[in-house]
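Peer 1: Residue numbering for the sequence shown follows the working numbering, beginning at 448 and increasing consecutively. Glycine included, each C-beta is placed from N, C-alpha and C at the ideal position. Small disclaimer: the values here were computed from a predicted structure and weren't measured. One structure, pasted below without further comment.
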Amino acid sequence: MNPAREDDRGVLEKFNAEGFIFVSPGEGDEGPSVRGGSPDALLVHACAADEDPLADDGTEFKDAFVATYRTFMSAESVIEKLLHRYNKFNGSNERLAKLATTKSFSLLLSVVQYLAITDLDVTLLETVSDFQVDLIRASEIALAKCLRIELLKKLIVRASLHLPKDALTSKNISTKQMTLIDFKAHELAEQMTVLDAELFDKVELPEVLKWSMDQSEESSPNLKKFTEHFNKMSYWVRTRILDQNDPKDREKYVMKFIKILKNLRKINNFNSYLAILSALDSAPIRRLEWQKNITDGLREYCALIDSSASFKAYRTALAEARAPCIPYIGLILQDLTFVNIGNTDFLPDGHVNFTKRWQQAKILENLLYFRKEKYTFKKNEQIIDFFNDFEDYKAEDDLWEISKQIKPRNSKRLS
């Protein structure tokens, strides 16, 4: 995958990566002090032995490595190299060797913890399972248990992707007859957040990074579901508004969605916020005539996603937000794509350009930070049932036709 030099390969059996990685000579530079190195050298540095004179980046470097190593090395390869390093130093009474063993296992555990579902092929699973057996035979029961727990979590998630969707509560007549107006705005916002959070929590870092590089739906199943959910919600909102025949009812619906926006902003759900706002600002709805209080309200909320100055207003709001929070995934993908296009994968000498990986990792950091705390809203099955996974929506062309029936081109709005 990369043109690393032959003389770098022995670094796996060294205590640290000194002499094998490129370090920035400057002081106070942004980003990591390590600018590049061979994949093996970066792996050794990520183990971050305390005695490593280059380990000034500490945990941050390790986290950045775990988040981005797939851009220059496969998950299976990383695991095999860490097992080689673990077995090399394991059993020695030398202090540095013991430390290298511990740090190698620690990094291995992090790698397994952040494996993508698509990483879990037969070969990788056999490799990790065989190592668990070796640990048990060596009486390292605690280590084997830690590894088994992390792997089981991944296998459970993978199995859940193939299970039929949980049946919703049975639809009764009263639920079918209820409309958006019948529910309170804050309750609707909370239940939108419940659905968003379920999908957001399943999105894996490797999926997001992979998507920014090749837009592969096959490699990003959870991300695909999350983005599809965003699009369905947006079209569902447009449909609910344009399905109202009475102009006053349409205005009631728009005002209701504006109130929902206000509540979504309070609970830091920027994903549903953007989905609804994109609907209210869509051409089939925007071209219609609205009362001044509606246009003024929309203008206020649209300011948050003003694209000028690289979405400065939104980025500021996101930086000030506390977890739990659901960011708009589209801008994260855009930022990662710009980093991918604007930076080379390798330095002129053939070593991995880790500055690029550091930038990618910093963008991905938000996904982890905002998931540290969980929303505590309980499911309201009546509202979830009413949403019906936002499946009841019309296509763009149909929405345009309805909009033109309400207000034909070059004419005033129909009553």
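1) Mark GLN852 as exposed unless 16 or more other C-beta atoms lie within 10 angstroms of its C-beta, in which case mark it buried.
2) Go to VAL470, then tell me how far its beta strand (DSSP E) extends in each direction, as first and last residue.
3) In chain order, what residues of the same chain lie with their CB nearer than 8 Å to the CB of LEU567, ignoring the 5 residues before and after it?
4) Since I believe HIS798 is in contact with SER539 (beta carbons under 8 Å), could you give me their beta-carbon distance rounded to a whole number of angstroms?
5) What separation, rounded to the nearest whole angstrom, lies between the Cα atoms of LEU594 and SER553?
6) When the Cα atoms are used, what is the spatial distance from LYS854 to ALA768?
7) If I follow the unbroken alpha helix (DSSP H) through GLY744, where does it start and stop?
8) What distance in whole Å lies between the Cβ atoms of GLN691 and TYR682, which are believed to be in contact at a cut-off of 8 Å?
9) For PHE630, name the three-state secondary structure that DSSP assigns.
10) Who are the near neighbours of ILE830 in its chain, counting only those whose CB is closer than 7 Å to its CB and skipping five residues on each side?
11) Can you tell which of THR518, THR515, ARG542 and ALA547 has its C-alpha closest to the C-alpha of LEU529?
12) Buried or exposed: LEU731, going by 16 or more other Cβ atoms within 10 Å of its Cβ?
13) Where does GLY457 fall in DSSP's three states?
14) Is GLY777 helix, strand or coil when you go by DSSP?
15) Going by DSSP, what residue range makes up the beta strand (DSSP E) through ARG482?
16) For a minimum of 4 consecutive residues, which ranges assigned as the alpha helix (DSSP H) are wholly contained in the region 829-855?
17) Count the other C-beta atoms from every protein chain shown that fall within 10 angstroms of the C-beta of ASP753, then say buried if there are 16 or more, exposed otherwise.
18) Run the CB neighbour count on LYS739, radius 10 Å, all protein chains shown included, and call it buried at 16 or more, exposed below.
19) Does the structure place the region 651-662 close enough to the region 718-730 that three or more beta carbon pairs sit under 8 Å?
20) Determine the DSSP secondary structure at ASN790, reduced to helix, strand or coil.
21) What residue range does the alpha helix (DSSP H) around THR823 cover?
22) Could you check if PRO500 is buried or exposed, using at least 16 other CB atoms within 10 Å of its CB as the buried criterion?
23) Between the C-alpha atoms of ALA514 and GLY483, what's the straight-line distance to the nearest angstrom?
Peer 2: Quick look at the numbers:
1) exposed
2) In the DSSP annotation of this structure, the continuous segment of the beta strand (DSSP E) that includes VAL470 starts and ends at 468-470.
3) LYS601, LEU602 and ARG605
4) With a Cβ gap of about 30 Å, SER539 and HIS798 do not count as contacting.
5) 10 Å
6) 40 Å
7) 739-749
8) That pair is no contact at about 16 Å.
9) coil
10) Exclusion of the five residues before and after ILE830 leaves PHE630, GLU634, LEU635 and GLN638 as the residues of its chain whose Cβ lies within less than 7 Å of its Cβ.
11) ALA547
12) As written in the sequence, residue 731 is Pro, which differs from the Leu given in the question. Counting Cβ neighbours within 10 Å, PRO731 comes out buried, since at least 16 surround it.
13) helix
14) helix
15) 481-484
16) 843-853
17) exposed
18) exposed
19) no
20) coil
21) For THR823, there is no enclosing alpha helix (DSSP H), as DSSP marks it with neither H nor E.
22) Legend: pLDDT at PRO500 = 49, less than 50; position of this residue unreliable, no value from coordinates given.
23) 16 Å
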